[in-house]
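Using my numbering, read the sequence shown as starting at 700 and increasing by one per residue. Beta carbons are placed, not taken as given, at the ideal position from N, Cα and C, and that holds for glycine. As the structure is a prediction and not an experimental result, all values here were calculated from the model. Report on the following structure.
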Amino acid sequence: MNEQERDLTAELAQAFVSRSAPDELPMFGAMSEVYFRDPERALAQPSSKEQPLGFGVADAAMLITPVALKVAAEVARFISRELSKHLQEEGSGFLKSLVQRVFQWFKPSRAQTHPPKAVLQGLTPELLVKVHAIALIQAHQVNLPEDKAQLLADSMVGSLSMVAATAVQQPSA
């Protein structure tokens, strides 16, 4: 996973965790680092004698953060591949620059910026339907309950949709 995909993964996962498991937000950064170093360890369910990640979080049935990161990572890889395909007609130098700018848009420092028009055209309804399906499959693979799996998939699509909606509402420079 490249740095841009990692950033997008963290942003998408944090957006979901902030809505569905806000009590995990104080640990999000540390849990993300563990996930990016060793996803399988982060996703492993602790035994009754173990504490998740050694943080002393007692009786956690299932932490949402590692699951959200797994789903978001797959979504980020998919978006990266799809946007690359969509933008290849612009040329490889432009493509690399544009994909980097897209992933930068998801960082908190994005302030008044918005993604380029070519990227927005790549975030089609068809692409978002595929994102939803990928997110559901990933959530089911880690045995996330159906209601949480649907919420997670909806959140991934919603976050990406907001990128396009926010940019459409921005005045042109």
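Item checked: Neighbourhood of Asp853 by C-beta, 8 Å cutoff - its chain only, sequence neighbours within 5 removed -> To locate residue 853, count along the sequence shown from 1; it is residue 154. Once the five neighbours on either side are set aside, the close Cβ partners of Asp853 are His831.
Item checked: Within 8 Å, strictly: CB atoms of Leu762 and Glu710 -> Taking the sequence shown and counting its residues from 1, the one referred to as residue 762 is at position 63. Taking the sequence shown and counting its residues from 1, the one referred to as residue 710 is at position 11. Taking 8 Å as the Cβ cut-off, Leu762 and Glu710 do not qualify as a contacting pair.
Check: Val766: which of Glu739, Lys784, Val828 sits nearest, CA to CA?
Finding: As a position in the sequence shown, residue 766 is number 67, starting the count at 1. The candidate whose alpha carbon is nearest that of Val766 is Glu739.
Check: How long is the line joining the alpha carbons of Asn842 and Lys829, rounded to whole angstroms?
Finding: For the purposes of this step, residue 842 is identified with residue 143 of the sequence shown, where counting begins at 1. For the purposes of this step, residue 829 is identified with residue 130 of the sequence shown, where counting begins at 1. When rounded, the distance between both Cα atoms is 20 Å.
Check: Are Ile836 and Val774 closer than 8 Å when you measure CB to CB?
Finding: As a first step, residue 836 is located in the sequence shown; it is residue number 137 there, counting from the start. As a first step, residue 774 is located in the sequence shown; it is residue number 75 there, counting from the start. No, Cβ-Cβ distance for Ile836 and Val774 is not below 8 Å.
Check: Roughly how many angstroms separate the alpha carbons of Tyr734 and Met726, rounded to a whole number?
Finding: Counted from its first residue, the sequence shown places residue 734 at position 35. Counted from its first residue, the sequence shown places residue 726 at position 27. So the two alpha carbons sit approximately 12 Å from each other.
Next item on the list: Assign Lys784 to one of two classes, buried (16 or more other C-beta atoms within 10 Å of its C-beta) or exposed (fewer than that).
Entry: Stepping through the sequence shown from its first residue, residue 784 is reached at position 85. The residue in question, Lys784, is exposed, as its Cβ has fewer than 16 Cβ neighbours within 10 Å.
Next item on the list: Could you check which residue in Thr823, Leu851, Leu822 has the C-alpha nearest to that of Lys769?
Entry: The sequence position of residue 769 within the sequence shown is 70, counting from 1. That would be Leu851, whose Cα lies nearest to the Cα of Lys769.
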